[in-house]
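Chains as they are written, first to last, in the numbering used here: chain W, 3 to 168; chain A, 154 to 332.
Dropping the structure here:
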């Protein structure tokens, strides 16, 4: 038997056994293993290896291991940064700081820039009056229907009802 | 073998649900134990490593990004812990607590037990990526497709690792497979 051919075939036997070869090469291995006793024996040994593994009992623990695991599970702590603040708290803090900074920026820089830029656009009186009346009613209704007291009173104060028409 | 919607269970465990983590333990502990046993060849040490692997997994789970690859990630934790124990044992020159086969025992049950122990030791000597697929496919009967899904690798990769693993085991287990 051609030794080179045997070497080539043996290199392919494991892949052949695992079904990884294309049809042409698989046919070549099959043909060679059928006519070469040594390569045929090698292929048979590979198949017996797979069968031995399949027949091997998996190792089994002698007892239920879960209780030993369960008693060591600490309640999950949120991950911490190097300065020790939990990440969720860190996010909340960052949001609060950003909000305060934006408010300060708006009050000190942006609002003054727009303060003295001519008369504000005002709605026609009739619309303005209707809006004020609606706001007043809404605030009073809210006061008796669950809107926070402070918010409702602020709304009443801010939306004085229009003077009654004579 | 793969539980339905195991990714969701991993997600719940990741969020701190102990019951979900227990479900993961029930699904995966046999494989983890076999991995540890293959490396250590000692049942008591393998049990200890299995428990420590799950405790460590619980602690590290919030940092696991690919929940679909939970099984492979857990395997690596267990294998690392088992190797640490094996190294520590070697440094102390303590032999593994197993009996070597004598070959002259009449009891077939004992012979089979010895043969299985040899197979486990041979599996334990494989590279990790081959060992985990051999254990899952051959010892636990997980189909190739599910092995691939649980480890987050292609089916072709599973087959290739199985081929290389069996090739190595064929030589290590020559007395059992040669006629």
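Beta carbons are placed, not taken as given, at the ideal position from N, Cα and C, and that holds for glycine.
Membership of residue 51 (chain W) in the alpha helix (DSSP H) is indicated by the continuous run 39-57. Ranked by Cα distance from residue 237 (chain A), the options A:262, A:269, A:199 are led by A:199.
The Cβ of residue 75 (chain W) sits closer than 9 angstroms to at least one Cβ of chain A. Of the candidates A:235, A:228, A:234, the residue whose Cα lies closest to the Cα of residue 287 (chain A) is A:228. Its chain contains 189, 192, 193, 202 as the residues whose beta carbon lies nearer than 6 angstroms to that of residue 235 (chain A), once the 5 sequence neighbours on both sides are disregarded; these appear in chain order. The beta carbon of residue 41 (chain W) sits closer than 7 angstroms to the beta carbons of 8, 11, 12, 34, 35 from its chain, once the five residues preceding and following it are set aside; these are given in chain order. The C-alpha of residue 263 (chain A) is placed about 39 angstroms away from the C-alpha of residue 23 (chain W). Residues of the stretch 185-198 of chain A with a C-beta atom less than 7 angstroms from some C-beta of chain W are 186, 187, 190, 196, listed in chain order.
Neighbours of residue 208 (chain A) in chain W, taken as residues whose beta carbon is under 7 angstroms from its own, are 71, 74, 75 in chain order. By the neighbour-count definition (other C-beta atoms within 10 Å, threshold 16), residue 274 (chain A) is a buried residue. The three-state reading of DSSP puts residue 62 (chain W) in coil, since its state is none of H, G, I, E or B.
Only residues of its own chain outside the window of five on either side were considered, and among them 288, 289, 293 have a CB closer than 7 angstroms to the CB of residue 184 (chain A), listed in chain order. The Cβ atoms of residue 206 (chain A) and residue 304 (chain A) lie no closer than 9 angstroms to each other.
Under a 10 Å Cβ-count criterion, residue 283 (chain A) is classified as buried, with 16 or more other Cβ atoms of the shown protein chains found around its own Cβ.
The straight-line gap separating the alpha-carbon atoms of residue 46 (chain W) and residue 166 (chain A) is approximately 46 angstroms.
Rounded to the nearest whole angstrom, the CA to CA distance from residue 58 (chain W) to residue 272 (chain A) is 7 angstroms.
The C-beta distance from residue 171 (chain A) to residue 75 (chain W) rounds to 6 angstroms, short enough to fall under 8 angstroms. In the three-state scheme derived from DSSP, where H, G and I count as helix and E and B as strand, residue 74 (chain W) is classed as coil. Note on residue 29 (chain W): under 16 other CB atoms within 10 angstroms of its CB, so exposed under the neighbour-count rule. In the same chain as residue 31 (chain W), and ignoring 5 residues on each side of it, the C-beta atoms closer than 6 angstroms to its own belong to 11, 14, 18, in chain order.
Counting every other CB atom within 10 Å of its CB across the protein chains shown gives residue 48 (chain W) a total of 16 or more, marking it as buried. Its Cα nearest to that of residue 216 (chain A), the residue A:164 stands out among A:322, A:164, A:324. Taken atom to atom, the span from the alpha-carbon of residue 55 (chain W) to that of residue 72 (chain W) is near 33 angstroms. Annotation for residue 187 (chain A): the continuous alpha helix (DSSP H) segment containing it runs 171-193. The continuous stretches of alpha helix (DSSP H) do not include residue 279 (chain A), and DSSP gives it neither H nor E.
Closest option to residue 322 (chain A), judged by alpha-carbon separation, among A:311, A:297, A:277, A:299: A:277.
Within the same chain, and ignoring the five residues on either side of residue 298 (chain A) in sequence, the residues whose Cβ sits closer than 7 angstroms to its Cβ are 308. In the structure shown, residue 215 (chain A) adopts helical secondary structure according to DSSP, grouped into three states. Between residue 330 (chain A) and residue 78 (chain W), the CB-CB gap reaches or exceeds 9 angstroms.
The alpha-carbon separation between residue 139 (chain W) and residue 112 (chain W) amounts to approximately 33 angstroms. For residue 327 (chain A) against residue 20 (chain W), the beta-carbon gap comes to about 20 angstroms, at or over 8 angstroms, which does not count as contact.
Judged by DSSP secondary structure, residue 316 (chain A) falls within the alpha helix (DSSP H) whose first and last residues are 308-325. In the structure shown, residue 114 (chain W) falls within a helical segment according to DSSP collapsed to helix, strand and coil.
Between residue 209 (chain A) and residue 44 (chain W), the alpha-carbon positions lie close to 43 angstroms from each other.
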